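Visitor: To start, I am sharing the structure in question, which I have written as structure tokens.
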Amino acid sequence: MAKPKVAFYWCGSCGGCEEAVVDLAEKILDVVAAVDIVLWPVALDFKLKDIESYEPGEIAVTFINGSVRLSEHEEWVKMLREKSQLVIAFGSCSHLGGIPGLINMNTAQQVLENKYLKSVSVDNADGVIPMPTNSVDGYDLDLPAVWNSVRRLDEVIDVDYYLPGCAPPPDLILEAVGAILKGELPPKGSVLSPAKSLCESCPLNESKPEDLTIDEFKRVATSQPDPETCYLAQGFVCLGPSTRSGCGERCIRANMPCRGCFGPTPEAMDQGTKLISAIASSGTSDTSESAASVAEGFVDPVGTLYRFSLPSSILKRGLKNV
Amino acid sequence: MVKLLIDGREVTTEKGRHVLDVAREMGIVIPTLCHHESLPSYGACRLCIVEVTYRGKTKLQASCTLPVREGMKINTQSERVLKTRRLIMELLLARSPKSPVLKKLAHEIGVDQARFDHITGEDTPLLLGESPSTIVGDAGCIMCGMCVRICDDVMNIGALSFEGRGAKRHVTTPFRHMSEFCISCGACSSICPTGAIELLRIRPHEPDRIPNEFEYGMSWRKPVNISFPQAVPRVPVIDMNTCVNFKTGGCKVCEDNCQVEAIDHSQKDTVEEVQVGAIVVATGFELFDGKELPRYGYGRFDNVMSSLEFERLCHASGPTSGHIVTKEGKTPESVAILHCIGSRDSDHLEYCSRVCCMYSLKFAHLVKDHTGAEVYNFYIDIRAFGKGYEEFYKRLLQEGVHFIRGKAAEVTDVALTPEEEGKLIVVAEDTLLGMTRRVPADLVILSTGLKPAKGADEVGRIFSLGCGQGDFFLERHPKLAPVDTAADGIFLAGACQGPKDIPDSVAQGAAAAAGALSLIDKGKVVLEPITSVIDEELCAGCKLCISNCPYEAIFFDEDKKVSVVTEELCKGCGTCVAGCPSGAAKQEGFEDVQIFAEIDGALLLG
Amino acid sequence: MPDNGFEPKIVGFLCKWCSYTGADLAGTSRKQYAPNLAGIRVMCSGRVDPTFIVKALADGADGVLIAGCHPGDCHYSVGNYRAMRRVPMLRKLLDQFGIEPERVWLEWISASEGDRFAEVVNSMTETIRKLGPLNWKERAEALSGAA
Amino acid sequence: MSRQITINPITRLEGHGKIEIFLDEQGDVERAFFQVPEIRGFETFCIGRPSEEMPRITERICGVCPTAHHMASTKALDDLWKVKPTRTAKLLREMVYNAFMFEDHNLHFFFLGGPDFIVGPTAPAAERNILGVINKVGLEIAGQLIKVRREIRSIIETVGGKVVHPVFGLPGGVSRGINEEERQRFLASANTAVEFAQFALKAFDDIVLKNQDYVDLILSDGFIHKTYYAGLVDENNKVNFYEHRVRVVDPEGREVAKFEPHEYTEFIAEHVEPWTYITFPFLKKVGWKGFVDGPDSGVFRVAPLARLNASDGMATPLAQEAYEKMFETLGGKPSHHTLAFHWARLVEALQAAEALKGLLEDEEITSDDIRNLPTETPKEGVGIVEAPRGTLIHHYWSDEDGILTRVNLIVATNHNAAATAMSVEKAAKAVIHGGHVDDGLLNLVEMAFRPYDPCHACATHAIGKTPLVARIYDHTGKRLREIKR
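Going down the list, the protein sequences come from chains Z, R, X and U.
For the first sequence, counting from 1, position 242 maps to 589 in our numbering; every step adds exactly one.
For the second sequence, counting from 1, position 548 maps to 555 in our numbering; every step adds exactly one.
For the third sequence, counting from 1, position 47 maps to 203 in our numbering; every step adds exactly one.
For the fourth sequence, counting from 1, position 223 maps to 288 in our numbering; every step adds exactly one.
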């Protein structure tokens, strides 16, 4: 019988997710042996027409990474949705919006001005800014417009499963592929990683006191974290408690606090507000004033709490001075 | 045991006792002046002599110091005895002719005329700054020495002693100086058979009397006393601050005299811990202090009194046994009752104290009834809200009590007219007549309002009771749970929850008791079904909830590596749920999804 | 009626023991106050998860009130302190998102403070009326597409 | 009036590019534009973030060279917070960085650019990929490649936490050190890496240099640009990936500038065109003269061949041999043969492997003195490293709490953008005649810039790929034909 057809596609991607696949190393050969890769732009030359020729549902599974930012992205993912039995959002960008989602705190206009007008190294006396349509020496050239917001994949098409992480760890990818090949899949819409939060598997959780209190925030810029002690107990903001596990605690093993690339746990509606609630509750200040001064020490809440998930937060984007 | 005959009657008693005591037990009357339970027999006055026949010999002896003997024969009434006693009495009379006690006793034993001249102790010339040569007053001293002995042996003070010999012998202070040691306990004067001792001769100033708190200082009490007639339990208490025993270690006269040995001065305050299933808070109220409204002269004028002071004054068991009199002791001709003192006053108690109208009417009735004086009620409104109250009000109108609609403006003693002289004048606007009135009165009663008892706020904190209007404790629901509080198993009764009259307080007390009983009977409590639960499928054991719980209801299960809620301890505040970063904690009835739905609903409105 | 004709929508999270009862009292004592607040009863202000507040603001509320027992009076002894610690951090977050911190109020209202409840609702309504509508969804949508 | 061909996107390179080729009536190339159609705005949304988070944020510009961004960012933090890393910290950083250069160069050679050579430029598209490479070089070697890559990447993973998007860089040092056991293991891997790098050069020798067609292609005029070259050099002007000074040489190979990182704005400026989101850096002192080469044009090139041209040699012995052999074959230094970038890449991979070995032989690398904590008030900082694709510049400004107020990024692909555009046009003109366009030809055009391995994810911090479309219009502008891929 024919090998199942598998497609990889990238929307707004940094290529890290492709690297993650390449990092399957030897195992990639097994995968290649088990499946028939019909699309993988980063490494294989395949044509749109090949894909278009497929019957709806002919592709067994399509992995899509990157966040959705262009009309072309939209066309491609809609077409792949139609051709595929399963679509899996691969990596933080398609799952949550990812770090590029931080642009949702700004607008396209600000992006263009910062890059082409305000940059110290730009030599642009005439204030040229790239335009969607241009006529250069009589040649008509067009450019896709820059969008104000980044969208998650499931804001554009129906997604069957999510493979979290920036980038997803190889073992999680293999598990997912294995589960798909065996047809042993959890309910549709599941995130293919453990439901518990990171503390569950965190090597430092043992060191966390039951009466944990945070009355002053530390920053890695000016303090060196103790690799033996829970970062929250030390006063470093760590997103572990409000973040799914399954990543292998890779950042923590390198002695850096979690930044939440796996996204919120199934029952938590918003990764950031949940963590605020938890760490603020763990203070001891007993006046509004002292509580406020503790809060002052928490720098850049949005950029920290929604490092990877701003487009999937409740508020979705910022509207300050936009 | 020894057997003996007294006045021909045989009696058996234990050895070592004195004849006097035995005889008295037999109901035989033997006069004596120097015999007292608190002091050993001394045989000073000799009045108790009897005729003793023992081993064939017969002689006269003082019975108070005469030990019983086997076969002893005693005659207490023989001619010889009576004759001798009369002689002794005459001699005593010569010492203190004026003592009423002595005179009375003398008369009883048939001495009406003393044959000897009056003898006193020697009056040697005084040195400067000395006290009088003797502490004895006109009543005269019979040298029984009981005062010296009780002061010395019993009170452990020794402020008194004898001085001189023979006819010059007399009782005085050391070196005749005013005593620095005397504590004015008054034991000497109270034990003195002739009532001759004058305390002021021992100590230059009046003994400190103890005001009776229950009577608002309108009468005095003893260190040992029963607080008030209705006290429960109705037993005497000893006031450690004033009892001599706690000052000198002496006295204990009461302890010695208590037949059932109920008194124990060595008792100390103790703190008892009692496990209970329910608590009824009934800390009551406290009267608004009239001094906060100086214009009514409370505390300045003797005859301006608070409602409770008057309550005692007109009470049969009160300081004047129910005689309504002014401080000067004369029956008033006119009495003013000022309503709403402190109550319904935006500067003080905003609320109506609810009971004042009715007790004021009662006062008016009593005054009228007892003294026939003119009674003037100064009122804003008469709130006769209860069963039979309105009728009572009508009755008073018929009794000719005056009702002046208008809150009294002030009470003054500045008389403008002759008939105001020497009286207190109540100034008020009579809003019905539309004129200012000056009403002279001998007695002014302030119908002061009710406020929560001192320390109620502390009690509130201990039992975590909320406070409502006027800082009275807050019931769980004004209509549906009027005796329950926010805290399960804690009930409210009486004025601590708000001003109440007696019937209402009794009713609420009963209700509170019933509420408490219903819990105790069940022997179990029903928890509200809103406790928190932690889904162990989702809990990562991050432990952040543990310090969040105000009740230490969450513990970390080391085996499962998850946090667990102890349902019995959980009170369902939901703090841990809000604080759970992974959403593993849920609160029954207040789950996130439910609240989100409520938010959606709320946003549909308006 | 307000001059600008804007009627703010305010969602209130009221603790059952103090503030909700206070609101009841305001009602039973016939206090007049702005009809702009829709109250949601929670057992304790400590139950109020910042997520609720953000959700309300995102879904159309112009302001959110969290009201609990006065410090020291919490029926659960310290629940209200939790609320007190969460709000400043949440305000900081909201400010960064571009939501004026004045749209989120934390107030202590005891069961007996019916008047205070009315005052709070009135002054909060006025403050937010001055701030104007939040309209989060619409404004965010407007920026979801291409520039 | 002209016909227009759009090649969109270019497969097999990270990020994203688009080529517009205009033909004249004869169907010859009149003008070709190389467009980068997106921009992500890292410079904008990094403002307001705590500076110490930059290494973990900016690396998301590119998932293929995250370590380069991570390292440039970390060095910018040293400068911003005015703190020097401890010696051990520096050893660890260079260890990770050389490991990264090695594995990335191999990735490019075998997965991205390499297939053109190894499988053959005109081979069927379905074979011009890693699988084709595997077939050509054999599974055993492919196995070796994958093994060495995994081992070397595990060095990055151990210290950096994640190999894709590491997290260990901090101002004044690193977050984690290594122990002796790890040092031994890594050292073994380093030795394997040295061997493999030599093997790769040999494979290039056998497959490419022994095939006259390829050599002619490399040396063909279509792939020559006489430009300036820039790259980091150490104090001996040897190639250095991690630090020291940027050296610039002219088309004749003469040094024209050598500057400290924080001086970059005096030497480099970016030119803006309205038809692409990428900017075109040029040498300020020479000036922007348009898309032309030669000594009068400020256009300069970076990346492997450029680094070798800009240096006086390699920092390690084996690499030095390979370096000499290369220039000898190419007919002297500097070499302007675009396709030689592939070769230079393998030479650098060898230096990276040797350097890695050297660093791991220093036992101080296992010391626990891995961090100097900042004590100064942060203000402004520049960090420059040599990314696989060329010189990478991160420039931050912050308030006194270290919260960023301004960010400027110039990445490798930017520097090559002008040259890339020129290469494309030149190649198009060389291979498209009479309007004859097929996939193989289009692939040759793509070959014109694959040597630079342009990473437009980096360059514009842009993301995404779009279908490749060739549209052909007649002089009236009416579309005659469309080739989609």
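Glycine included, each C-beta is placed from N, C-alpha and C at the ideal position.
Note that the coordinates shown come from a computational prediction; the quantities given were computed from them, not determined experimentally.
1) Residues of chain Z with a CB under 8 Å from the CB of residue 233(U): which are they?
2) Go ahead and label residue 550(Z) buried or exposed: buried means 16 or more other beta carbons lie within 10 angstroms of its beta carbon, across all protein chains shown.
3) I'd like to confirm the pairing. Which residues does DSSP put opposite residue 227(R) in its beta bridges?
4) For residue 589(R) versus residue 543(Z), is the C-beta spacing smaller than 9 Å?
5) Locate the alpha helix (DSSP H) running through residue 372(R), then write down its first and last residues.
6) Could you pull the DSSP bridge partners for residue 170(X) from this structure?
7) Going by C-alpha to C-alpha distance, which of 410(U), 348(U), 279(U) and 223(U) sits closest to residue 317(Z)?
8) Does residue 237(X) get closer than 9 Å to chain Z when you measure Cβ to Cβ?
9) Going along the chain, which residues of the region 567-588 of chain R sit with their C-beta nearer than 8 Å to a C-beta in chain Z?
10) Give the range of the alpha helix (DSSP H) segment to which residue 655(Z) is assigned.
11) In whole angstroms, what is the alpha-carbon distance linking residue 153(R) and residue 195(R)?
12) DSSP three-state call for residue 432(Z): helix, strand or coil?
13) Taking Cβ positions, are residue 243(R) and residue 231(R) nearer each other than 9 Å?
14) Verify the CB distance criterion: does residue 617(Z) have a CB-CB separation below 9 Å to chain X?
15) Helix or strand or just coil, what does DSSP make of residue 134(U)?
16) Have a look at the DSSP bridge pairing and note the partners of residue 344(U).
17) Given a threshold of 16 other Cβ atoms within 10 Å of its Cβ, counted over all protein chains shown, does residue 236(U) qualify as buried or as exposed?
18) Tell me the residue span of the beta strand (DSSP E) that contains residue 481(U).
19) Would you mind telling me which residues of chain R sit closer than 8 Å to residue 555(Z), beta carbon to beta carbon, in chain order?
20) With residue 267(R) and residue 258(R) assumed to form a contact (beta carbons below 8 Å), what rounded beta-carbon distance in angstroms separates them?
21) If we ignore side chains and look at the alpha-carbon of each, how far apart do residue 299(X) and residue 221(U) end up?
22) For residue 515(U), is the classification buried or exposed, using 16 other Cβ atoms within 10 angstroms of its Cβ as the cut-off for buried?
23) Between which two residues does the alpha helix (DSSP H) harbouring residue 111(R) extend?
24) If you measure from the CB of residue 527(Z), is any heavy atom of the ligand NAP nearer than 8 Å?
25) Residue 122(R) to residue 73(R), Cα distance in whole Å?
26) From the beta carbon of residue 475(R), is the nearest beta carbon of chain X less than 9 Å away?
27) Going by the CB atoms, is the gap between residue 229(X) and residue 4(R) shorter than 9 Å?
28) Can you check whether the CB of residue 326(U) is closer than 9 Å to the CB of residue 448(U)?
29) In whole angstroms, what is the alpha-carbon distance linking residue 367(Z) and residue 525(Z)?
30) Return the first residue and the last residue of the alpha helix (DSSP H) that residue 598(Z) is part of.
31) Terminal residues of the continuous alpha helix (DSSP H) containing residue 388(U)?
32) Find the residues of chain X that neighbour residue 610(R), judging by a C-beta separation of less than 8 Å, and give them in chain order.
33) Which residue's Cα is closest to the Cα of residue 334(U): 456(U), 475(U), 92(U) and 118(U)?
34) Where does residue 447(R) sit, in a helix, a strand or coil, going by DSSP?
35) What does residue 604(Z) pair with, by DSSP beta-bridge criteria?
36) Output the distance between the C-alpha atoms of residue 197(X) and residue 622(Z), rounded to the nearest integer angstrom.
Guide: Concretely, from the data shown:
1) For residue 233(U), the chain Z residues whose Cβ falls inside 8 Å of its Cβ are 601, 602 and 603, in order along the chain.
2) Residue burial is scored here from C-beta neighbours: residue 550(Z) has fewer than 16 other C-beta atoms within 10 angstroms and is therefore classed as exposed.
3) Partner residues in the beta bridge of residue 227(R), as assigned by DSSP, are 218(R).
4) A contact, by the Cβ cut-off of 9 Å.
5) That run of the alpha helix (DSSP H) goes 363-378.
6) According to DSSP, which records beta bridges pairwise, residue 170(X) is partnered with 197(X) and 223(X).
7) Outside the displayed range of chain Z (348 to 669) lies residue 317(Z), so it cannot be described from this structure.
8) With its beta carbon less than 9 Å from one in chain Z, residue 237(X) belongs to the interface.
9) Residues 568, 582, 585, 586, 587 and 588.
10) Boundaries cannot be given for residue 655(Z), as no alpha helix (DSSP H) includes it and DSSP labels it neither H nor E.
11) Their Cα atoms are separated by approximately 7 Å.
12) Here residue 432(Z) sits in strand by DSSP.
13) A distance below 9 Å separates the beta carbons of residue 243(R) and residue 231(R).
14) Judged by the 9 Å Cβ criterion, residue 617(Z) is in contact with chain X.
15) Assignment of residue 134(U) by DSSP, reduced to helix, strand and coil, places it in the helix class.
16) Partner(s): 337(U).
17) With a 10 Å radius around the Cβ and a threshold of 16 neighbouring Cβ atoms, residue 236(U) comes out buried.
18) Run containing residue 481(U): none in the beta strand (DSSP E); it sits in the alpha helix (DSSP H), 477-496.
19) Here the neighbours are 549 and 550.
20) That pair is no contact at about 19 Å.
21) Per the coordinates, the alpha-carbon of residue 299(X) lies some 39 Å from the alpha-carbon of residue 221(U).
22) Classification for residue 515(U): buried.
23) Looking at the DSSP string, the run of the alpha helix (DSSP H) that includes residue 111(R) is 107-115.
24) With respect to the ligand NAP, the structure shown offers nothing to examine, as it has no ligands at all.
25) For the pair residue 122(R) and residue 73(R), the Cα-to-Cα distance works out to about 29 Å.
26) Yes - at least one Cβ of chain X is within 9 Å of the one on residue 475(R).
27) Residue 4(R) lies beyond the residue range present for chain R, which begins at 8 and ends at 613; the question has no answer from this structure.
28) In this structure, residue 326(U) lies closer than 9 Å to residue 448(U) by Cβ.
29) For residue 367(Z) and residue 525(Z), the gap between their C-alpha atoms comes out near 16 Å.
30) Here the alpha helix (DSSP H) through residue 598(Z) covers 597-600.
31) Looking at the DSSP string, the run of the alpha helix (DSSP H) that includes residue 388(U) is 382-395.
32) Against chain X, the beta carbon of residue 610(R) has neighbours under 8 Å at 165, 167, 194, 212, 215, 216 and 217, listed in chain order.
33) In terms of CA proximity to residue 334(U), 475(U) leads the group 456(U), 475(U), 92(U) and 118(U).
34) Looking at residue 447(R) - three-state DSSP - the assignment turns out to be strand.
35) Per DSSP, residue 604(Z) has no beta-bridge partner at all.
36) Taking the straight line joining both Cα atoms gives about 23 Å.
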